[in-house]
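Colleague:
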Amino acid sequence: MWYVWNLSILLSALSLVIMLFLIARRLLRERRDAARAGQRRQLLTALITFTEDRDRQTLKTAILSVPPGVAIEAGFEFVSLLRGEERDDVLVAFNECGLPALVGRQLERGNVAERIHAAEMLAALGSQNATASLLSALDQDRSREVRIAAAIALCDLGSLPLLGVALDKIGVAGQRSRRLIELFRRFPRTRFNELAIHASRVDAVPFIRAAAIDALARAGGFGFAAFFAGLTGDASPEVVAAALRALGLTGHADAPAILTSAMANDDWDVRAAAAESAGRLGLPELAAPLSRLLDDEVWNVRYAAANALRSFGQPGERLLRQIADSEVSRSQRTASLILAEGPAA
Amino acid sequence: MIADWSDEIVLAATILSWFIIAAGLAQTTIYLLQLVLAGYALSKRPPVARSALLWQRYGEVAPPIALLVPAYNEEVNVVESVHSMLALEYPNFEVIVINDGSKDQTLQRLIEGFKLVKFHRPYEDALAHKPIRGLYSSPMTERLFVIDKENGGKADAQNAGINVCRAPLFCVIDGDSILEPDALMRAAQPFIDDPERTIAVGGTIRIANGSKIEAGRVREVHLPRRLLPLFQVVEYLRAFLMARLAWSSVNTLMLVSGAFGMFRRAEVVAVGGFTKGSMGEDLDLVIKLHRHMRDKKRKYRVQFIPEPVCWTEAPETLSVLARQRTRWQRGALECFFRYRAMLLNPRYGRVGFLGFGHIFIVDVMGPVAEVLGYILIPAFWLLGILSAEYLLAFTSLIFTYGVCVSVCSLILEEAELQRFPRARDLAVLTAAAVIENFGYRQLNNFWRVKGCWQFLRGDQGWGEMTRTGLGAAKK
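Protein chains in written order, with my numbering: chain A, 1 to 345; chain B, 1001 to 1475.
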């Protein structure tokens, strides 16, 4: 039993010593933080002055007079507020003071949070070496979140490798992050074909394929309508639902037939997507299948169908009223609920 | 002296003492393991300091969230609380206040404060709850909805909110709590990074007693001036930063606090929502989620992340604290026995072994063994039945290891998060972490044993939770 006692004394004494050390460290840090706050104010004042007088030499002196960490943080914050020529001028000064190199070092040696932030800062600072540092992070960083941040930063700099290559480097686990939606939305138009290729790859993660379809639908426009129509026959319900929603944005000559068929799909998300797109495209000829969906076993499908009918204007509302006045059923209840939506009389 | 007692008595006393010490050892081992796991998790995932960065990073892809706020007799603070919730920094959210048949002017205050008008909103009757008397919306903001329903308890109110909300995620919060402005954005992060697997996320609850609160925001963080809430600060650090973070890192988190938790709606509906009448409805829900996902053989994550903070008011009097702790204990026992089939069941993997093992050792056996130890071990020693070795072992498990675990939680906080603003606060908390093991811990265990007794008697009362109100928190 003695070892239980001895070990407990040792551990608690050790914990108290560590805590005392941390308290002492905090005391020192409090002083350092106060000094840093002053230096930060000083640098921000210099940056504001620079936007008025454009005296680069004075700004560089101010940047070099504060610790690099303060210069990087305050500088990045300030740059994100600027646009155009002012921003370019400030970036030149930052580059001349070697800030991007320091950020590059942070990308290599910081903790995960610091490395992600460094990737974002490198994209904003846009130095010559930024691409090399970011490519290295995309290739070698241990954290998938950092690799995703590096990919987004590279995309902003116009230096992202081929999408397939970038996604391979991000890894399969990272291909379920919603951050990739952001990456796809930032894709340049000239590289939309890569998104399309990836969206049609049956071996790719459905979530990512759906995200690629969504990005194409938002920015690619009608040019991809036939492509989306083709994907509505995909084996993955997630991809089909995304393709149907995309069709709802772009439209297509075969949309009525495709949507009618999708409304009978086994997957509720596909049926709901078909109903939504029918409403968005304003296809009153789909009123009959939509009214059948008012009896769907899944609320989301019923609600999407009812909303679609309502979006058809008077004909849709008339149909909803007829159903609402009919015998009590699931369809009748859905129709009356949707008609009643809004402020009470 | 030992020789004066019959062999049978000595043997019985030794066996009993061994049981008590083994229970303490098991508990201490769990705590030490949690400390290691939590330290590793924190070092792997350091916090993002500035919330503006989070907005830049996640603002575009953040999923819609419904904030569900059950309110029962909250007339004093409800308008201010809702104002502060509406001012949260998140791109796409709605606030749904559920007036659970309050007997005071809660609904009237909301109607006046936000010019509410009756509103029809179609919703899914996915979960059962007491009838809704009316839905209200505000012409002042499209983010706010109020559900007025018959009284059915917190779980019932939350179920009504889940039915009415349309967002794929919902966040539950107590009506009298205060969320940090960036709390939703931080809590949503796992749902952004791993949207397919993440089904629930819990954040940190911190004690606001003593802090300066203005317009529904914590403006200056201070420690409580009274001893009881100060001990609870240490306790909450241990519970959140050590236990929850540790179990979260091995996907065995059994509790996402009902005071601040974010859930994926579809999975919660699939398990039937919050269990009505449960003493520990939050623990109950998370266990149901684990069971459901494991039964369906689906990959999932129930995560705790320390950065999103929700401030709450801790009880300042012994009587209120006693009621809270006995209720928590009844909740834990109720859930343990309701889902006992999961204990050590290989079908539920580490949830059955680690998660339920933890509840068994810490919540079921722990308080009883410890209180027995307070009485029997010194008595056996004084009577000369046991040697001093036993007394020392028990003392070390209760006091010295207790000090070590509490101080180590504080070390984790300071090493990675540094959320207490002054060095002086750390010194005070270190003192509290030592002192709480001499008196407060024993009191707590006594309340927990009382909770066990009430559970065995089938006592289902919640007891009155008297609060002074965060807006009126002492400065």
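The C-beta atom is built at its ideal place from N, Cα and C for all residues, glycine as well.
#1: Is the shortest distance between the beta-carbon of Glu-1389/B and the beta-carbons of chain A less than 8 Å?
#2: Report yes if the C-beta distance between Gly-1331/B and Leu-1283/B is below 8 Å; otherwise report no.
#3: Closest to Tyr-1090/B by C-alpha separation, out of Val-1097/B, Asn-1073/B, Ala-1071/B, Ala-1066/B, would be which residue?
#4: Bridge partners of Cys-1310/B, per DSSP?
#5: Need the endpoints of the beta strand (DSSP E) that Tyr-1440/B sits in, please.
#6: Helix, strand or coil for Ile-1020/B? Go by DSSP, reduced to three states.
#7: Using DSSP with H/G/I as helix, E/B as strand and the rest coil, what is His-198/A?
#8: Rounded to whole angstroms, what is the Cα-Cα separation between Phe-50/A and Gly-1202/B?
#9: His-1083/B CB to nearest chain A CB: under 8 Å?
#10: Taking the beta carbon of Ala-37/A as the centre, do at least 16 other beta carbons fall within 10 Å, making it buried, or is it exposed?
#11: I want to verify the contact list: residues of chain B whose CB lies under 8 Å from the CB of Ala-340/A, in sequence order.
#12: Is any beta-carbon of chain A found at less than 8 Å from that of Asp-1193/B?
#13: Would you kindly report the start and end of the unbroken alpha helix (DSSP H) that includes Arg-245/A?
#14: Under the DSSP definition of a beta bridge, which residues are partnered with Gln-1232/B?
#15: Using the three-state DSSP reduction, which class does Thr-58/A fall into: helix, strand or coil?
#16: Can you check DSSP and say which residues form a bridge with Gln-1303/B?
#17: By DSSP, does Pro-1190/B sit in helix, in strand, or in coil?
#18: Are the segment 1079 to 1087 of chain B and the segment 127 to 143 of chain A touching, with three or more C-beta to C-beta distances below 8 Å?
#19: Can at least three beta-carbon pairs, one atom from the segment 239 to 254 of chain A and one from the segment 213 to 222 of chain A, be found at a separation below 8 Å?
#20: According to DSSP, is Leu-1343/B helix, strand or coil?
#21: Grab me the residues of Arg-1206/B's own chain with a C-beta within less than 6 Å of its C-beta, minus the 5 sequence neighbours each way, in chain order.
#22: Using 8 Å as the threshold, is the C-beta distance between Leu-1383/B and Asp-1363/B below it?
#23: Which parts of the segment 238 to 324 of chain A are runs of the alpha helix (DSSP H), unbroken and 4 residues or longer, counting only runs that do not cross its ends?
#24: Cβ of Ile-1096/B within 8 Å of Cβ of Lys-1149/B?
#25: Is Asp-296/A buried or exposed, if buried means 16 or more other CB atoms sit within 10 Å of its CB?
#26: Using a Cβ-Cβ distance under 8 Å, would Glu-1094/B count as near chain A?
#27: Could you spell out where the beta strand (DSSP E) holding Ser-1137/B opens and where it closes?
#28: State the start and end residues of the unbroken alpha helix (DSSP H) segment that holds His-1083/B.
#29: I want to see whether chain A comes within less than 8 Å of Arg-1045/B, judged by CB atoms only; does it?
#30: Rounding to the nearest angstrom, what Cα-Cα distance links Tyr-1401/B and Phe-1019/B in this structure?
#31: So what does DSSP say about Ala-1215/B, is it helix, strand or coil?
#32: Quick check: what's the CA-CA separation for Gly-1152/B versus Ala-1087/B?
#33: Quick one: Cα of Trp-299/A to Cα of Ala-1187/B, how far?
#34: Thinking Asp-1176/B and Glu-1075/B are a contact (beta carbons under 8 Å), I'd like their distance in whole angstroms, please.
#35: Closer than 6 Å by C-beta to Glu-1413/B: which residues in its own chain qualify, once you throw out the five before and the five after it? Chain order, please.
#36: With 16 as the cutoff for other CB atoms within 10 Å, does Leu-160/A come out buried or exposed?
Modeller: Working from what's here:
#1: yes
#2: yes
#3: Ala-1066/B
#4: Leu-1179/B, Ile-1205/B
#5: Counting along the chain, Tyr-1440/B falls outside any beta strand (DSSP E), though it belongs to the alpha helix (DSSP H) covering 1440 to 1457.
#6: helix
#7: helix
#8: 45 Å
#9: no
#10: exposed
#11: His-1120, Pro-1122
#12: yes
#13: 237 to 250
#14: The partner list for Gln-1232/B (beta bridge, DSSP) is empty, contrary to what the question assumes.
#15: helix
#16: Val-1201/B
#17: helix
#18: no
#19: yes
#20: coil
#21: Val-1309, Trp-1311
#22: no
#23: 255 to 262, 268 to 281, 287 to 293, 299 to 311
#24: no
#25: buried
#26: no
#27: 1132 to 1138
#28: 1078 to 1086
#29: yes
#30: 18 Å
#31: coil
#32: 29 Å
#33: 27 Å
#34: Rounded, the Cβ-Cβ distance is 11 Å, inconsistent with contact.
#35: Leu-1237, Leu-1241
#36: buried
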